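In our numbering, the protein residues as written are -13 to 219.
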Ligand code: C5P
């Protein structure tokens, strides 16, 4: 099994991000760089994290007209990121344009569709004119994204099993909301342990505070990896 842990570098500056990346690189499969760090430090932080030898998941959740998203995907691919996110609600044309830009790149990144943000409930969806409940809307957008050619989706732990039932086997599911047994849940509400999520069918686990906030981040990552030993991915 390849190492399925993606450590979220949810820190505000390069110094802290690189200290974590250097310490954790041998113990994780990739690092997630999101808006906070990217907006503060720019594309150079991607290059510097890549220099540790680790893969990068660029989580900027693109959502724009198809041409603009395609160009952003091409720019991200030039940074040699392994994965990046776009909003599936951008529609088929945007999704296809993004995937085409990825396919044309020298290093094709895995494009991950974001369906419904877990911060949104049924009332929030109704407010923006969506009559489906979140579970229905997740399935709707997951089907749309994969029909448009995407090979990966971000989903919550509780969505893994229902999505596995309706999606082709080669679709990769990337899952945050992961908490090792006995760890602090923080603001995450619907959580699974790393082993539960892999058993449910997750391909990758996005883990932030349980690793990066630990007294010894490297030991925390290694303990999680150990909890996955013997599980099929
Ligand atoms: O610290 P924690 O493990 O909760 O971090 C999870 C990471 O995954 C954070 O970067 C968070 O923004 C991201 N995420 C999430 N839930 C989602 C989508 C992304 O926790 N639905």
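Beta carbons: idealized from backbone N, C-alpha and C, even for Gly.
Computed from a predicted structure; not experimentally measured.
- Option nearest residue 2 by Cα separation, candidates 19, 178 and 15: 19
- Task: Could you check which residue in 59, 83, 214 and 100 has the C-alpha nearest to that of residue 161?
- Result: 100
- Item | Near ligand 1: residue 162 beta-carbon under 6 Å from a heavy atom | yes
- Please determine, among 66, 35 and 77, the residue with the shortest C-alpha to C-alpha distance to residue 50. 77
- When DSSP labels each residue in this structure, what does residue 142 get in the three-state scheme? coil
- Can you give the Cα-Cα distance for residue 117 and residue 111, rounded to whole angstroms? 7 Å
- Query: Taking DSSP as the reference, what is the three-state secondary structure of residue 188?
  - Reply: coil
- Could you check what DSSP says for residue 106 in three-state terms: helix, strand or coil? coil
- Whole angstroms is fine: what's the gap from residue 11's alpha carbon to residue -6's? 12 Å
- Query: Under 6 Å from any heavy atom of ligand 1, does the C-beta of residue 192 make it?
  - Reply: yes
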